[in-house]
Amino acid sequence: MTPHGEQLCYTDAYLRSIEARVVTVEAGDASLVVLDRTVFYPGGGGQPSDRGLVLRAADGRSWTVRGARKVGGEIVHELEADGGDPPAAADMVEVDLDWARRLALMRTHTALHALCGVVWRDYGALVTGGNMEPGAGRMDFEFERMSGDLVGAIEATVNTELAAERDVRVGVLPRAEAFAIPDLIRTKINLLPPGIEEIRTIEIVGLDLQADGGTHVANTREVGGIRVTGYESKGRINKRIRIELVEPA
Ligand SMILES: [Zn+2]
16 MTPHGEQLCY TDAYLRSIEA RVVTVEAGDA SLVVLDRTVF YPGGGGQPSD
66 RGLVLRAADG RSWTVRGARK VGGEIVHELE ADGGDPPAAA DMVEVDLDWA
116 RRLALMRTHT ALHALCGVVW RDYGALVTGG NMEPGAGRMD FEFERMSGDL
166 VGAIEATVNT ELAAERDVRV GVLPRAEAFA IPDLIRTKIN LLPPGIEEIR
216 TIEIVGLDLQ ADGGTHVANT REVGGIRVTG YESKGRINKR IRIELVEPA
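If you want the numbering used here, it's the position in the sequence shown, counting the first as 1, plus 15.
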């Protein structure tokens with residue numbers, strides 16, 4: 016089913032504010048609001064959903080958006096009750112992201128893909144999972160022979176790749192084509208339900224290509240660098256690497 020609302024986070028990650036019309040409102044502890052267009056990312060793939068504000072110009076009222084999620088293909092915004100009524104259907108509102116937080120998540124997400132790309136290219140290790148918050152994240156790998164020395168080398172290589180100012184591109188591939196690309200098979204593409212006909216991809220040009228729904232910076236120079244803050248064994252094969260961002264010079 017095609018959603019009614021335009022989901023702009025997938026096509027323009029740098030769009031931080033937009034005018035929208037309220038489509039549906041479900042009042043409650045957190046009011047659930049669907050808009051005809053939005054810049055909010057609903058969460059997924061280890062990237063948390065955005066936060067921000069909805070403002071109604073007609074009377075100057077505003078609501079805090081504490082999160083968003085996908086329900087039946089639509090992006091639903093969760094508005095704090097803040098005492099008082101939620102906006103009403105057909106209201107015109109301005110939708111604003113907490114941009115500092117979103118940009119930190121974009122940099123972190125791209126950094127994690129660079130880490131995946133290096134670990135795959137240099138060590139052939141598959142990624143099994145990951146998670147992030149603004150400025151820090153972790154990735155799990157099937158990486159039996161990981162050691163402190165290797166982790167130090169990985170950190171240095173990732174920083175070299177980020178400093179190489181590689182472009183980061185969003186693409187969309189028909190399912191059959193996506194399944195023919197060996198680099199994509201190593202990610203969780205094979206877990207996608209059969210109904211999904213198109214696969215969104217994120218390419219760090221020259222380094223990494225993954226099926227991914229998240230928001231990313233346009234060039235690795237915007238990430239700055241990374242520091243490995245820890246690594247641990249989650250079993251004989253499964254290893255976890257934790258990173259945090261280092262600000263661009
Ligand atoms: Zn990702």
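Just so you know, even glycine gets a beta-carbon here, dropped at the ideal spot from N, CA and C.
On a predicted model such as this, the values are computed, not experimentally measured, just so you know.
Between Asp227 and ligand 1, is there a pair consisting of the residue's CB and a ligand heavy atom that are separated by less than 6 Å?
Within the sequence shown, residue 227 is the residue found at index 212, counting from 1. Proximity of the beta carbon of Asp227 to ligand 1 is indicated: a heavy atom of the ligand is located closer than 6 Å.
Reduced DSSP category for Ile219 - H, G, I as helix; E, B as strand; rest coil:
For the purposes of this step, residue 219 is taken as the residue at position 204 of the sequence shown. Note: Ile219 maps to strand in three-state DSSP.
Where the beta strand (DSSP E) containing Ala235 begins and where it ends:
The count along the sequence shown starts at 1 and reaches residue 235 at position 220. First, the residue type needs correcting, since residue 235 is Thr and not Ala in the sequence shown. Per DSSP, Thr235 is not a residue of any beta strand (DSSP E), being assigned neither H nor E.
Cβ distance (whole Å) where Arg153 is taken to contact Arg116 below 8 Å:
Working through the sequence shown from its first residue, we reach residue 153 at position 138. Working through the sequence shown from its first residue, we reach residue 116 at position 101. Not confirmed; about 18 Å, so no contact.
Can you tell me where the alpha helix (DSSP H) holding Phe194 begins and where it ends?
Against the sequence shown, residue 194 aligns to sequence position 179. Unbroken alpha helix (DSSP H) run through Phe194: 190-194.
Does ligand 1 have even one heavy atom less than 6 Å from the beta-carbon of Gly43?
For the purposes of this step, residue 43 is taken as the residue at position 28 of the sequence shown. Checking the Cβ of Gly43 against ligand 1 gives no.
Paired residues, beta bridge with Ala105 - DSSP:
Indexing the sequence shown from 1 puts residue 105 at position 90. In DSSP, Ala105 forms no bridge with anything.
Cβ contact check for the segment 247-255 and the segment 36-54: 3 or more pairs under 8 Å:
With a cut-off of 8 Å on Cβ pairs, the segment 247-255 is not in contact with the segment 36-54, counting fewer than three such pairs.
Opening and closing residue of the beta strand (DSSP E) in which Tyr246 lies
Your numbering for residue 246 matches position 231 in the sequence shown. Counting along the chain, the beta strand (DSSP E) containing Tyr246 begins and ends at 240-248.
Rounded to whole angstroms, what is the Cα-Cα separation between Glu109 and Asp198?
Here residue 109 refers to the residue found at position 94 of the sequence shown. Here residue 198 refers to the residue found at position 183 of the sequence shown. Their Cα atoms are separated by approximately 40 Å.
Three-state class that DSSP yields for Gly167 in the structure shown
Against the sequence shown, residue 167 aligns to sequence position 152. In the structure shown, Gly167 sits in a helix (DSSP, three-state: H, G or I).
Alpha carbon to alpha carbon, what distance is there between Asp27 and Glu237?
Taking the sequence shown and counting its residues from 1, one reaches residue 237 at position 222. Taking the sequence shown and counting its residues from 1, one reaches residue 27 at position 12. So the alpha carbons of these two residues sit roughly 16 Å apart.
heavy atom of ligand 1 below 6 Å from Gly58 C-beta
Sequence index remark: in the sequence shown, residue 58 carries index 43 (1-based). With a cutoff of 6 Å, Gly58 does not count as near ligand 1, since its C-beta is closer than that to no heavy atom of the ligand.
Using the DSSP secondary-structure output, state which residues sit across from Phe156 in a beta bridge.
Residue mapping note: residue 156 aligns to position 141 of the sequence shown, counting from 1. For Phe156, DSSP records a beta bridge to Val142, Lys254.
Mind listing, in chain order, the continuous beta strand (DSSP E) runs of no fewer than 3 residues lying wholly within the segment 30-77?
You should have 32-41, 45-50, 67-71.
Do the segment 160-168 and the segment 214-228 touch if we need at least three Cβ pairs shorter than 8 Å?
No, the segment 160-168 is not in contact with the segment 214-228.
What does the alpha-carbon distance come out to for the pair Gly132 and Ala103?
As a working mapping, residue 132 is identified with position 117 in the sequence shown. As a working mapping, residue 103 is identified with position 88 in the sequence shown. For Gly132 and Ala103, the distance between alpha carbons rounds to 46 Å.
What number of angstroms, rounded off, separates the C-alpha of Val91 from the C-alpha of Ala119?
Here residue 91 refers to the residue found at position 76 of the sequence shown. Here residue 119 refers to the residue found at position 104 of the sequence shown. The straight-line gap from Cα to Cα measures roughly 22 Å.
Quick check: the Cα distance between Val261 and Asp100, rounded to an integer number of angstroms?
Within the sequence shown, residue 261 is the residue found at index 246, counting from 1. Within the sequence shown, residue 100 is the residue found at index 85, counting from 1. Each residue's Cα considered, the two are about 42 Å apart.
Whose C-alpha, out of Ala191, Gly82, Ala178, Tyr25, is nearest the C-alpha of Val69?
Taking the sequence shown and counting its residues from 1, the one referred to as residue 69 is at position 54. In terms of CA proximity to Val69, Gly82 leads the group Ala191, Gly82, Ala178, Tyr25.
Between Asn174, Ala96, Lys254, which lies nearest to Val142 when the distance is taken from Cα to Cα?
The count along the sequence shown starts at 1 and reaches residue 142 at position 127. Minimum Cα distance to Val142 is reached at Lys254.
Taking the beta strand (DSSP E) that Ile211 belongs to, which residues open and close that run?
By 1-based counting over the sequence shown, the position of residue 211 is 196. From DSSP, Ile211 is part of no beta strand (DSSP E); its letter is neither H nor E.
Relative to the C-alpha of Leu112, which candidate in Ala226, Ile196, Val80 has its C-alpha closest?
Taking the first residue of the sequence shown as position 1, residue 112 is located at position 97. Of Ala226, Ile196, Val80, the residue nearest in Cα terms is Val80.
Sort out for me which residues DSSP pairs Val110 with in a bridge.
For the purposes of this step, residue 110 is taken as residue 95 along the sequence shown, with counting starting at 1. Val110 has Ile33, Val69 as its beta-bridge partners, per DSSP.
Going along the chain, which residues of its own chain have a beta-carbon closer than 7 Å to the beta-carbon of Gly60, five neighbours each way excluded?
Start at 1 with the first residue of the sequence shown, and residue 60 comes out as number 45. The residues are Asp227, Gly228, Gly229.
By DSSP, does Met161 sit in helix, in strand, or in coil?
Here residue 161 is taken as the residue at index 146 of the sequence shown, counted from 1. It is coil, neither helix nor strand.
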